[in-house]
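Quick notes on the structure that follows.
2 protein chains.
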Amino acid sequence: MKIIAYANAGRTALGVVTGATHFIAVHDVAPELPTGLIDILEMRDGLARLRQAVEGKSGDRALADVTLKPFLNRPNAMWALALNFKSHIAETGLQTNPDYPHLFMRTAASFVGAEEPIVAPPDEVARAFDYEGELAVVIGKPGRYIPVERAMEHVAGYTCLNEGSVREYQMHNRQFGLGKNFEASGSYGPWLMTPDEFGDPQRHTVLTRVNGVVRQRAPLDDMLIDVANVISYLSCGYSLRPGDLIAMGTPGALKPQPDDVEGLDLSRQYGPFPTPGLVHMRPGDCVEVEIDGLGVLRNRVIADPSYAGVE
Amino acid sequence: MKIIAYANAGRTALGVVTGATHFIAVHDVAPELPTGLIDILEMRDGLARLRQAVEGKSGDRALADVTLKPFLNRPNAMWALALNFKSHIAETGLQTNPDYPHLFMRTAASFVGAEEPIVAPPDEVARAFDYEGELAVVIGKPGRYIPVERAMEHVAGYTCLNEGSVREYQMHNRQFGLGKNFEASGSYGPWLMTPDEFGDPQRHTVLTRVNGVVRQRAPLDDMLIDVANVISYLSCGYSLRPGDLIAMGTPGALKPQPDDVEGLDLSRQYGPFPTPGLVHMRPGDCVEVEIDGLGVLRNRVIADPSYAGVE
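Chains A and B, in that order, are what the protein sequence lines are.
Mapping the first sequence onto this note's numbering, position 218 (from 1) lands on 218, and the numbers just tick up by one.
So the mapping is simple: this note's numbering equals the position in the second sequence, first residue as 1, plus 1000.
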């Protein structure tokens, strides 16, 4: 099952995608269910009731007619992993403890949905604004002190995530802080895919395209710490809640092709770790994160419309 | 004005404290106002209406008869500062960039209210469970790109905060991650005090007592980066929202008195930076964070009731 949230008369409604182009509006087939995905996840049998309501039906609404929004209303926690792909550890030269997930947090305000624009900081504020293509996991079943072998029972589904990062701010201190939390700097979507449809996350591949050029591509089994181990670790201290999100980390940059002028030009990189094949996100860009068998998260990048210049 | 949240028939209600022992229930004098403090802060004139509703009245309910709860319903972001007091930087030997606030995030789930127990991790999980007495700032007026000289206009008020930290988990990697986010590991309260009553935060002192012994005491002007500069910095990337909280960092440990057996015993410290005068929080302890002219935040520490042993 693929669950979307979409803009509907000034509010956000839920849908279930059927096939490549159409979806079923949840309020058409199950008006008794809550309008927020987290509220449905919090019901013991919420996802099962949703599945039953759409079973055997085909979508009568076109995806092309709606705008997809973030599907996690009021998430309690959005965790993210630093340095969880061997290729990214190698390109940064940074160290991480291989025995424990390297975790930090993001606010819901730092993410937009699949068809909303990502906002680049003004040049005067920062220039090293980077994509990070990732798999994200959404928790369905609450839990604490979860053993690794039962961790996957707590997963409600998966989505693509662009963990947009402002490197200058990230490097102000050891804690990433604001650098990972610029307003509307990242995105997730296009939908939540349930585990029965996605299968084993380690058997998929994540890739990131900027303006059509593939900039990251890595098998998800290149992760240092896998989904089950991250869930089990978190549950040692934190009670996982339905709707919590975990962004599983990003791989390194692909080596650029010989004719890739932009990817070869290190003089246009503002970050601390110049890397062939890395380009920054700039207003006007189209950035896509694709996970095979899951879908494509595609966002335009725009300049900050709220910025009125330096005082 | 001192605003509390308290447990009332299974829900949380708001009150305004008048004098040392009594308060006015907001629903008694302004039933038209929302029941959540953030909802009131989100109204342009919410605090002014609350002030008007209680003006000249004295409290008819006893603080002793109610349980104080966290007063921030569904905060959007809870920021915290690492290494913002010179005495704490000195005792850890760690480095921080003096030009920028050193920021990380906590979840609402990591905090309890003024009269709820703080939960210590089981010994098998972690032992270096530390208090951090702090001033916390709550945002009232939203804003982005806020100049330093206008930053204090965005403050709704102040409170005491215990930024309880699990050092073993904090040290697993460079990002603090789970170590700063154990469930119910910290607290804030007892109330939100508005700036007209609190005055200039730099002219106050924070202290922490464990079982009656003062373990931290520092003037708030020992901060590396002050409240106005933190607000202005955050607003470069993040749109501040009513109800956002900023914990301003903790000072170093006080040197123990000669007869202070516990404070002198470094062999009972499990953290990475043994420091005379530092003791860990343990079940049974009473921990108090006091800011002069603001109030005392007092919590009991309990063992985790949800822990059933290692499998």
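Think of the CB as a built atom: it goes at the ideal place given N, C-alpha and C, for glycine as much as any other residue.
None of these values were measured; they are calculated from a predicted model.
- Residues of chain B with a Cβ closer than 7 angstroms to the Cβ of A/CYS236 are, in chain order, VAL1125.
- Just measuring C-alpha positions, the residue of B/GLN1175, B/SER1110, B/MET1248, B/CYS1236 sitting nearest B/GLN1202 is B/MET1248.
- Taking 4 residues as the minimum length, the alpha helix (DSSP H) runs contained wholly in the segment 1241-1274 of chain B are 1261-1264, in order along the chain.
- For A/GLY133, the uninterrupted beta strand (DSSP E) run begins and ends at 133-139, by DSSP.
- Interface annotation, A/GLY177: in contact with chain B, CB-CB separation under 7 angstroms.
- Bridge pairing for A/LEU192: A/ILE3 [DSSP].
- With respect to chain B, the C-beta atom of A/THR208 has no partner C-beta closer than 7 angstroms.
- Around B/ARG1144, the beta-carbon contacts reaching into chain A at under 9 angstroms are GLU183, ASP304, SER306, TYR307.
- CA-to-CA, the gap between B/ASN1229 and B/CYS1236 works out to about 11 angstroms.
- For A/LEU224, there is no enclosing beta strand (DSSP E), since its DSSP letter is neither H nor E.
- Listed in chain order, the non-local C-beta contacts of A/THR92 below 6 angstroms within the same chain comprise PHE273, local neighbours out to five positions each way being set aside.
- Listed as beta-bridge partners of A/ASP130 by DSSP are A/SER165.
- By the criterion of a C-beta distance shorter than 6 angstroms, A/TYR188 is surrounded in its chain by PHE111, ALA136, THR159, LEU161, once the five residues flanking it on both sides are discounted.
- For B/THR1194, the CB contacts under 6 angstroms within the same chain, skipping 5 residues up- and downstream, are MET1001, GLY1157 in chain order.
- The beta carbon of B/ASP1226 sits closer than 8 angstroms to those of PRO1201, GLN1202, all from its chain and outside the five residues before and after it, given in chain order.
- Excluding its 5 nearest sequence neighbours in each direction, B/MET1281 has C-beta neighbours in its own chain below 8 angstroms: ILE1118, ALA1120, PHE1129, ASP1130, TYR1131, GLY1164, VAL1210, VAL1287, VAL1301, listed in chain order.
- B/ALA1080 sits buried, since 16 or more C-beta atoms from the chains shown fall within 10 Å of its C-beta.
- By the beta-carbon neighbour count (other beta carbons within 10 angstroms, threshold 16), B/VAL1054 is buried.
- A check of alpha carbon separations from A/PRO98 across A/GLY295, A/ALA82, A/GLY263, A/GLU262 identifies A/ALA82 as the nearest.
- Your pair B/VAL1279 and B/GLY1263 checks out as a contact, with CB atoms roughly 6 angstroms apart and the cut at 8 angstroms.
- Between A/ASN181 and A/THR275, the CB-CB gap reaches or exceeds 7 angstroms.
- In this structure, the CA atom of A/ILE89 is about 29 angstroms from the CA atom of B/ALA1077.
- Annotation: A/VAL125 to B/ILE1146 spans about 13 angstroms, alpha carbon to alpha carbon.
- DSSP, read as helix, strand or coil, puts A/ILE118 in strand.
- About 18 angstroms separates the Cβ atoms of B/LEU1297 and B/PRO1219, ruling out a contact at the 8 angstroms cut-off.
- By the 16-neighbour rule on beta-carbons within 10 angstroms, B/GLU1134 is buried.
- Excluding its 5 nearest sequence neighbours in each direction, A/PRO283 has C-beta neighbours in its own chain below 7 angstroms: ALA120, VAL301, ILE302, ALA303, listed in chain order.
- Proximity of chain B to A/LEU14 at the Cβ level (cut-off 8 angstroms) is not reached, the minimal Cβ distance being about 20 angstroms.
- Where B/VAL1066 is concerned, there is no enclosing beta strand (DSSP E), because DSSP gives it neither an H nor an E.
- A/ILE3 sits away from A/LEU234, with the two beta carbons spaced by 7 angstroms or more.
- Looking at the backbone, the Cα of A/GLN216 and that of A/PRO256 are separated by about 10 angstroms.
- Rounded to the nearest angstrom, the Cβ distance from A/ARG127 to A/TYR307 is 14 angstroms, too far for a contact under 8 angstroms.
- Collapsing the DSSP output to three states places B/THR1096 in coil.
- The beta-carbon of B/PHE1129 is placed no less than 7 angstroms from the nearest beta-carbon of chain A.
- Under the three-state reduction of DSSP output, B/GLU1091 falls in the helix class.
- In the DSSP annotation of this structure, the continuous segment of the alpha helix (DSSP H) that includes A/GLN52 starts and ends at 46-54.
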